[in-house]
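Trainee: Handing you a structure now.
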Amino acid sequence: MSLRQKQLEDENIQPIISAFDGTGTRPPWDKVSSCSSILKTLWRQWDRLELIEGVLYRIFHEEDKTSKQIIVPKDLQGNVIKHFHDIPSAGHLGAEKTQSRISRTFYWPNMTETISSYCKTCDKCSARNPPNKSRRAPLGQYLVGEPMERIAVDILGPLPVTAKGNRYVLVICDLFTKWTEAFAIPNQEASTVARVMIDEFICRFGTPLQIHSDQGRTFESQIIQGMCELLQIDKTRTTSQRPQANGCVERFNRTLGAMLTKYAENEQKKWDEYLPQLMMGYRSSTHSSTNATPNLLMLGRNVMMPMDAVIPRPPEPNSSIIENEREHYIRELQTKLTKAHETTRKHLKKSSDYQKKHYDIKSSKRSLEIGQAVWLYDATRKVGVCHKLTSKWKGPYVVVKKIDDLTYMVKRSRKQLAKAYHIDRLLPYKGHNFPKWFTKSG
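Just so you know, we're using full-length UniProt numbering here: the sequence shown kicks off at 1 and counts up by one.
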């Protein structure tokens, strides 16, 4: 079918062509006043329109040159945009660049909105281009009130294999006192991690009420789950690819990495020899969130440091005085710990509020609806696939359940199991391939 025939079939272009073919003059306003805005736009540009060999053109003035644009009927607009946006020579560039190329040859009223809408709903563009950072959700808060109420665990590594065969670091942090342990381990097998957690941490400090970790295979294994069930520990986890949800140990990992670099840079296979001393230094320093040392909050005292050992001590009193002082020390320790923990709770709340206030400056609260189609951010690396040439946004998925204000369950097909993700990894899907399988029960 010819281009002229397509233009004649378009209800907004046909009256203009008929006027050219007939009187050759612009129709009176009362003939178009009740017509569409598109026809009115063409009517207002009458002096810029020209009929050449039966095809309607628009004269386009650009700086010092003039060109002629074909008026594109509605049925062909999608094909034009596809040709200038989708094919390899078009490159899936943005709306502005796509319009710039189209406008050299073609024109139709409201083409800016049409092209912009097409680019926004393009699946390939949405899957590749990152979202606006301001779309992150407000920071969630989780406060703890006493030692060993909640601990966070993580694994740092792999690092260079040491003479003792160690390659990883198991990090355990009490989220109230900020008491942190770092154990060198040869592997990240669940059996190794469980043994170290029980023998080196739980046997010394007692059983925590809750353990928080990421979704690594080690912490999701049956061995760790069985350990938690046996000791009646509540096991929680972050949503996938959301390290902020385990921020305490993630931040410590950076600190530990910096400390190890300063001491083991030239002896990288001896890093595990420095761990105990580095942790001694870390636990003896005041933590910014609690305004106290982890030693004081967990042990009730600040431990003696190497420098203290060389400073002369006063003479020891006789045994009867020691006994009286021991009873007095116990009472004083209980009082001091009670006051320290009360103060710590206030500092933790203040620190948490401060972090949330500054985090939320660039955040925006939003929500998703059950049944809504969404993109899922998935930066998982695959063997043999170049990460830089892979789209990071996958979908469309469908929201099947809302867990809380920040977490949603989504899945991609009827048979796939739904998984929980943080809202920062989900964006509304605006394409045209909405999954047809979804029902309220599906």
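We put the CB at the ideal spot given by N, CA and C, even for glycine.
Is the beta carbon of Ile172 sitting closer than 7 Å to the one on Ile151?
Mentor: In this structure, Ile172 places its C-beta atom within 7 Å of the C-beta atom of Ile151.
Trainee: Here's the rule I'm using: 16 or more other beta-carbon atoms within 10 Å means buried, otherwise exposed. How should Met304 be labelled?
Mentor: exposed
Trainee: Taking just the CA atoms, how far does Ser284 sit from Thr177?
Mentor: 12 Å
Trainee: In three-state DSSP terms, what is Ile59?
Mentor: strand
Trainee: According to DSSP, which residues form a beta bridge with Trp375?
Mentor: Leu427
Trainee: Under a three-way DSSP split, which group does Val249 fall into?
Mentor: Here Val249 sits in helix by DSSP.
Trainee: Thinking C-beta only, is Ala184 closer than 7 Å to Arg272?
Mentor: The amino acid at residue 272 is misidentified as Arg; the sequence shows Asp. Yes, they are a contact pair.
Trainee: Just to confirm the assignment, what range does the beta strand (DSSP E) spanning Gln188 have?
Mentor: That residue, Gln188, is in no beta strand (DSSP E); it is neither H nor E in DSSP.
Trainee: Can you give me the C-alpha to C-alpha distance between Arg167 and Gln188, rounded to a whole angstrom?
Mentor: 9 Å
Trainee: Considering Cα atoms alone, identify which of Ser288, Thr236, Glu146 and Trp179 is closest to Met280.
Mentor: Proximity to Met280 across Ser288, Thr236, Glu146 and Trp179 peaks at Trp179, based on C-alpha coordinates.
Trainee: Kindly indicate which three-state DSSP category Glu265 falls into: helix, strand or coil?
Mentor: Coil, per DSSP.
Trainee: Since Leu368 contacts Leu426 with CB under 8 Å, what's their CB separation in whole angstroms?
Mentor: 6 Å
Trainee: Touching or not, the segment 42-60 and the segment 88-102, by the rule of three or more beta carbon pairs under 8 Å?
Mentor: no
Trainee: Shortest alpha-carbon distance to Phe252 belongs to which of Pro435, Leu231 and Glu181?
Mentor: Of all alpha-carbon atoms in Pro435, Leu231 and Glu181, the one lying nearest the alpha-carbon of Phe252 is that of Glu181.
Trainee: If you measure between the beta carbons of Met227 and Ala194, is that distance less than 7 Å?
Mentor: yes
Trainee: Flag this pair as yes or no: are the beta carbons of Pro73 and Gln14 separated by less than 7 Å?
Mentor: no
Trainee: If you drop the 5 nearest sequence neighbours on each side, which residues of the same chain put their C-beta closer than 8 Å to that of Glu50?
Mentor: Leu56, Tyr57, Arg58, Ile59 and Lys68
Trainee: Once the 5 residues before and after Tyr263 are set aside, which same chain residues still bring their CB inside 6 Å of it?
Mentor: Tyr274
Trainee: Between Ser391 and Ala163, is the Cβ-Cβ spacing less than 7 Å?
Mentor: no
Trainee: When you compare the CB positions of Ile202 and Lys235, do they come within less than 7 Å of one another, or not?
Mentor: no
Trainee: Hey, Ala190 and Ile224: beta-carbon distance below 7 Å or not?
Mentor: Going by C-beta atoms, Ala190 is nearer than 7 Å to Ile224.
Trainee: Beta carbon of Ile16, beta carbon of Leu42: below 7 Å?
Mentor: yes
Trainee: What number of angstroms, rounded off, separates the C-alpha of Ala258 from the C-alpha of Leu296?
Mentor: 24 Å
Trainee: Around the Cβ of Lys382, are there at least 16 other Cβ atoms within 10 angstroms (buried) or fewer (exposed)?
Mentor: Exposed.
Trainee: Which ranges would you report for the alpha helix (DSSP H) in the segment 179-233 if only whole runs of at least 4 residues count?
Mentor: 190-196, 217-220 and 222-231
Trainee: Measure from the alpha carbon of Gly395 to the alpha carbon of each residue in Tyr107, Val249, Thr192 and Ser413, then state which is nearest.
Mentor: Ser413
Trainee: Just curious, the alpha helix (DSSP H) that Glu273 is in, first and last residue?
Mentor: Trp271 to Arg283
Trainee: Please classify His422 as buried or exposed, where buried requires at least 16 other C-beta atoms within 10 Å of its C-beta.
Mentor: His422 is buried by the Cβ-count criterion.
Trainee: Taking only heavy atoms of the ligand NAP into account, decide whether any of them is closer than 6 Å to the Cβ of Leu3.
Mentor: You won't find the ligand NAP in this model; it holds no ligand whatsoever.
Trainee: Counting along the chain, where does the beta strand (DSSP E) carrying Asp30 start and finish?
Mentor: Run containing Asp30: none in the beta strand (DSSP E); it sits in the alpha helix (DSSP H), Trp29 to Val32.
Trainee: Counting C-beta neighbours from all protein chains within 10 Å, is the total for His61 16 or more, i.e. buried, or is it exposed?
Mentor: exposed
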